[in-house]
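Per mature numbering (1 follows the signal peptide of the UniProt record, and there is no 0), the sequence shown runs over residues -24 to -1, 1 to 1228. A virtual CB, placed ideally from N, CA and C, is assigned to each residue, including glycine. Here the structure is laid out as structure tokens; the discussion comes afterwards.
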Amino acid sequence: MRKSTLRLALSAATLFAAHGALHAQDSSSMTGLVTDSTGAALPGAVITLRNPSTGAQFTQKTNSRGEYRFANVPPAPSYVATFSHDGFTSIAVNDLALQVGVTRTQDEALAAGTSQEVSVSAGRDVVTINTTDASIGNNIDPTTLVDLPIQARESVAVLFLLQPGVANSSFTGARTDQSSVTLDGMDVNDIAAGSVYGGGGGRITSDAPVDSVQEFRGTVAGLPSGLGTGSGGQFQLVTKGGTNHFHGDLNEYHRDTATEANNWFNKNLTTPVPRTPLIRNQFGGAIGGPIKKDKLFFFFDFNNSRIIQSTNVERVVPLDSFRNGLVSYIRNTDSSTGAACAATSRQNTTPTCIGQLTPAQVQALDPQKIGESTALFNFINSAYPHANDPAYSSADGINTGGYRFNFAEPDFLYNYVGRLDYNLTSKQQVFVRGSITRENSTQSANAFDTTPGTTNPFVDRSYSYVVSHVWQIGQNKVNQFYYGDTIQKFNFPSLLAPTGTTEYGLGGSTNTTSNLFGPYNSYSSQKRRVPIPEFRDDFNWQLGTHNIGFGGTFKFIKTNSQLINDFNSVTLGLGGENLTLDPTVRPTVANGYGVNAIRTAGTTSSAVYDEAFALALGRVASVGSSYNYNAVGIQTPQGTGAVRAYRYFQTELYVGDTYKVRKDLTVTYGLRYQLYSVPYEAHGEQSIQNFTFNNYFAARETQGAAGISGATALAPITYNLGGKANGAAPLYTPSYKDFAPRFAFAYNPSFAPKSVINGSFALVYDRTVINAVNFIQDQSSYLFQNSASTPYGGAGAAAGLGAANPRIGTNLAYTNPNTAPVITKPLSPFIQGGVPVGLADNQFNTIVDPTLKDPYSLTYNLGFQQEMPDHFILKVNYAGRLGRHLLAQADASQLVDFRDPASGQLMSTAFANLTKEVRAGQAYTAQPWFENQAGKGNTVFLANALSSLVSNGDFADYIQALQADGYLGYNVGMASQFAENTFLTNKGTSTYNGLLVTVSKNLSQGLQFDLNYTWSHSMDNVSSNANSISASSGNNFVCDATNPKTCFANSDFDVTTVVNSNFIYQLPFGRGRTFFSNAHTLINEAIGGWSVSGLPAWRSGLSLGTSSNAFVAGYANDAPAFFNGNRADVQAHVKKDPTTGAVYLFGSANASTKAQAEFSGPVGLSFGSRNNLRGPSAFTMDAGLGKVFPLLPNERLNLKFRADFYNILNHPIFNLPNTDITSGSFGQVSSTPTGNSPGAPRVGQFSLRLEF
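Here it is, written out as structure tokens:
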């Protein structure tokens, strides 16, 4: 099979060597039909296309059907096309705009007569109907780039959203990291991480400053064979070049604190936090012109950004009551009214529903009778600031609150872009472009504003260059060759590590609102250097009615990285073997608390109390340690990190034909092929495991169905050396058969020449496999990284808090540090003495499935375009997508039902019965499964000891706790080698259907705009990007590997309706305008030259899911809740509650309490629907006002003033709320966007540009 596959690939390459490409990535094309005045074709007509700015000239003749085509022409806004034929009057068409990635149709009719030339103007209509293919997308031209209110001038990426089919960073249903950007034909994507081009833009390696970009094209569907690196939006950028006339600008853009509004939540506090300080100066300049007229040109752009800014940060900190040693909880009844207290009770809203334990009472309930930890409270009172936002929804409001502060995030950026263009001959051109970025900014805010300096900076030293040669070979062939390199150099250091190589986390509760933000909980740092050397060639050949093209790219990618995350990690409070405490240590009626007893309904109160009580004791829940090893298995010192050098290549080839079947019908078809090699670590520091996901999981299902348990009931996962450098097997087998056909048609009926009907079908492959592999693989290689963990605790008060559980000492000292595992080859991780211990020790694992293949999508679209009067263009399209074999992370250790051989009862049935009983307020009854598997009489004992887990339906945590405490045998229900075992698989699937409408108005009467409307629905079973570990977020797993489509629902990025637009309107006053066109100079200075522009956008609510604080199918996969109520109660209606001052998605605190009661947690292996809610809708409006002051005659030197306002209406967009159904802040919203994101507080910018 391998040899035949290789022969197939080689024969395909030979085929590609004999055909050709449509046009290069940074070029344009023009086609058309030349007729006489009767409409008859004129063969042999000569068309000359000339760019007056550079002297570049191209010539074509019409074929026997009167058709012509220019391919691979440099984009420019003002070409002149001359049409001539013996015996006919010549026509010169001026101001022809040829846009990047677009084929312009320019038909002309010649009248019989003299040879005198007639000049006409194309009117500079930059948007025209597409008579060639069915691609969907918009171009952004030079005028738009300069005159729109763009937030960040260092990159045009924010304008990528000005396309149809965009929904929350996804383009027509593609994964959000599947978009691809080229600059002058070169790949400038963040290939190491996979850029997500969202509301704040995405990262273009080495940047593409606004003033350096001539224009760009976005294609969101209907990809021709020449595009398709990734299955998302494709963006082709072209830098500016020099011309025969000197041109350029000097500019300054300024913002400061006086021009910005305050964050909504800053103002909402009882004691408002002032506006974040801001001084933002963006300045620079550009110059271009001739070195030798019509021959050699230069262009240079400098962009400098110096930003002294702050961001609003909020952390979870202890409330003053806890700082003073009081452990608070929700009471069963209100102390003033006697009414039942709600799960949403907080100190700031219903203080009479909050009970408190004194230090003496804490000591009395402590099984060791030690009481509160003096060392812990000394640390808390010295390291944590006082809470200033008790209503913070990410805190529980009972023992924890919010601390909101402004944090300085300076950002200093320098961009340099230079380009040379050289006309070697009339047939050959060369250009060279180089870009350099120098940036020092902030990666993330400090823990608190009491820490000086910046502890987590970001440093960018990226650069790129490209050399290209264009050769017009005869009249019908064009070749363009490129070579370039894009080098990404990022550094993310961590400069604060006061506790050496030990990190601390305060709180291991699954109710995360009770966990304090740890000031010493993250010391990890990384850096990377990722060069992308790239060869590219595009060849175009006009053969009669066929325009054939072929080409391809080859990239040899070398990723060099260092990751420092080999630390010790100590968790204080809950965690380890105890995610809940025994009821005997709570302030219950049985413990003598009477009317002051803790709330018994639900699990919210007990979860909040358990975390605070365990933390107050200074309980050490667990100690985890990570270690690195060199190539021979010797441990390196902790905190020094691991260095990796991965190597791999990407080959992409394509062939396409644009066939003019008739003068009114064009068919485009082609084939694209990609071959991505499997990355390998160049120094041999790479390992592979012995199982595929399907083999391992099938063995577990068979074992569970038979009820077989024991240490050897499941063969262990074993690691050995892997990869090319070790002469061993690769991580997975490369996909040799990634052939992707493309087909499109465009019908431009002769009876309706201003109309087009088009459609397309394409198979497009993702590029994410390569991006993900390095990151995923290095999480758990075991031969070169390994870990050890010591969890403490167990069922019952004595096991959970007894003498076997250490308490933290002075200066956060802890006992019994871990010992680094000894590396042997092969290695079975977390097998000690033949016994698997990873599940008991809470060990996580990540694996690249050896059967991994490149994901792909089937895309299709059907559309209609109409040129209308007054320079309007209407485009209406249907776009669809079927995503198949998409990347998805699945947990091979997830719960698999286990049959009790003695009784025949299933594990899921037994646990479901317990959950139903506790929710109904009934006494537990013995379940045969637990009686036989965990020991007679233990059903009730264990359910009482772990009552919160039972009530929540937290199946996986319950089974893990029972196995860790020795009540269950090995490999019962969950695989015992790992608590969570993530495989990167192809189990993802998706569908997308969308109506995409664009109305464009070319410039006339001073107005131009694009209006995009999208009505769509995207569904999938998982929406995660490749460059992520789902276990760290608690979601975005395949919900249940036994049925991967269980959670097939609204995509995380699904938005039903999106409207976005851009407009520029030159006000009709002053010279050359409709009113006062002959105004006196002084009057014209006052009223002339004004313009307004804007970027209005509206969307409906984002998809939103619930979590249940219950982990069912997987140990790290928080299950969605069941909804059992009235849909009207959970409609988005964001309002501020007048009593509490908090903001709620459902309108008020009472409405949120009502909605919360209509959800319930999982039962057994059953859980609710994913993403079944919607967030609030959002409207934003960025607007600008401009004024041009001519300084020299003929407007050769202009001074341009602009005042831009982002979110001019200061309309807040509220972020998504807390939707954990066990949380006291369910439905509460706690933040709005910040920085350059849409919906951030209003900020004004004033600028001056001197343009010549």
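Counterpart residues of residue i in DSSP-defined beta bridges
i	result
E191	V214
L539	Q502 and A618
Y305	G331
residue 1244	Look at the range of the chain in this structure, -24 to 1228, and you will see that residue 1244 is not part of it.
I23	Q36 and F59
M844	F848
I1040	Q984 and S1069
K1176	V1164 and R1225
N416	F388 and V435
Beta strand (DSSP E) segment containing residue i, residue limits
i	result
R623	A618 to R638
A1095	Taken as a continuous stretch (DSSP letters only), A1095 belongs to no beta strand (DSSP E), as it is neither H nor E.
A57	A52 to S60
E587	First-last for E587: T580 to A592, but that is the alpha helix (DSSP H), not the beta strand (DSSP E).
S5	S4 to D12
G646	L641 to Y652
Cut-off 6 Å between Cβ atoms - residues of its own chain near residue i, not counting five sequence neighbours on either side
i	result
D1180	P125, G1160 and Q1221
E84	V10, F59 and I67
G89	T65
V584	D372, I374 and S490
V157	V164, N165, I180 and F211
F530	F511 and T627
Cβ neighbours of residue i in the same chain (closer than 7 Å, five flanking residues each side left out)
i	result
F543	T477, T478, E479, Y499, S602, Q614 and G615
G377	V293, L295, A363, D365, P366, Y368 and A371
G1215	A1154, T1156, N1183, P1188, I1189, T1208 and P1209
G776	N554, L557, D558, G769 and G770
A52	N27, S29 and L74
A(-4)	Here the model assigns A(-4) a pLDDT of 37, short of 50, so the residue's position is not dependable and the matter cannot be decided.
S(-14)	Reliability fails at S(-14), whose pLDDT of 34 lies under 50, so the model's placement of it is uncertain and the value that follows must be treated cautiously. Excluding residues within five positions, none has a Cβ falling inside 7 Å.
Neighbour flag for residue i against chain D, beta carbons, 9 Å
i	result
P28	Checking the listed chains, one finds no chain D in this structure; it contains a single protein chain.
Delimiting residues of the alpha helix (DSSP H) encompassing residue i
i	result
M1157	Per DSSP, M1157 belongs to no alpha helix (DSSP H); it is in the beta strand (DSSP E), A1154 to P1166.
Q939	F931 to A940
F353	T350 to A359
T1129	A1125 to A1133
G776	A773 to L777
Cβ-based neighbour list, residue i, same chain, cut-off 8 Å, excluding 5 preceding and 5 following
i	result
A675	L690 and A691
P563	Y305, G331, L333, Q337, L341, Y569, N572, A573, I574 and Y585
Whether or not the segment 304 to 311 and the segment 562 to 576 are in contact is what I'm after, with contact meaning three or more pairs of Cβ atoms, one per stretch, closer than 8 Å; do they touch?
yes
Touch check for the segment 104 to 119 and the segment 133 to 141: three-plus C-beta pairs under 8 Å?
yes
Beta strand (DSSP E) segments (min. 3 residues) lying fully within the segment 442 to 523
Taking only runs of at least 3 residues, the beta strand (DSSP E) segments lying wholly in the segment 442 to 523 are 453 to 468, 478 to 482 and 501 to 519.
Which parts of the segment 213 to 243 are runs of the alpha helix (DSSP H), unbroken and 4 residues or longer, counting only runs that do not cross its ends?
none
Give the list of continuous beta strand (DSSP E) stretches no shorter than 3 residues that lie fully inside the segment 1058 to 1113.
1066 to 1075
Could you name each continuous beta strand (DSSP E) segment of 3 residues or more that falls completely within the segment 872 to 927, going from the start of the chain to the end?
none
Sequence ranges, alpha helix (DSSP H) only - wholly within the segment 683 to 722, length at least 4
Within the segment 683 to 722, no alpha helix (DSSP H) run of at least 4 residues lies entirely inside it.
What alpha helix (DSSP H) runs, 4 residues minimum, are completely inside the segment 110 to 137?
118 to 123
For the segment 1193 to 1206 against the segment 1075 to 1085, are there 3 or more C-beta pairs whose distance is under 8 Å?
yes
On the three-pair Cβ rule with 8 Å, is the segment 801 to 808 touching the segment 943 to 955?
yes
Of all the beta strand (DSSP E) runs that stay within the bounds of the segment 60 to 86, which reach a length of 3 or more residues?
67 to 74, 79 to 81 and 84 to 86
Indicate whether the contact test is met: 3 or more Cβ pairs, each with one atom in the segment 667 to 687 and one in the segment 605 to 625, closer than 8 Å.
No: the two stretches stay apart, fewer than three of their Cβ pairs being nearer than 8 Å.
For the segment 1141 to 1149 and the segment 1023 to 1034, state whether three or more C-beta atom pairs, one from each stretch, are separated by less than 8 Å.
yes
Counting pairs of beta carbons, one from the segment 1038 to 1046 and one from the segment 980 to 989, are three or more of them closer than 8 Å?
Yes: the two stretches touch, three or more of their Cβ pairs being nearer than 8 Å.
For a minimum of 4 consecutive residues, which ranges assigned as the alpha helix (DSSP H) are wholly contained in the segment 267 to 323?
Fully enclosed alpha helix (DSSP H) runs of 4 or longer: 296 to 299.
For the segment 345 to 360 and the segment 604 to 612, state whether three or more C-beta atom pairs, one from each stretch, are separated by less than 8 Å.
no
contact_flag[the segment 633 to 651, the segment 709 to 720] where n(CB pairs < 8 Å) is 3 or more
With a cut-off of 8 Å on Cβ pairs, the segment 633 to 651 is in contact with the segment 709 to 720, counting three or more such pairs.
Is the segment 253 to 271 close to the segment 281 to 288, with three or more CB pairs under 8 Å?
yes
Is the segment 657 to 667 in contact with the segment 692 to 700, if contact means three or more CB pairs nearer than 8 Å?
yes
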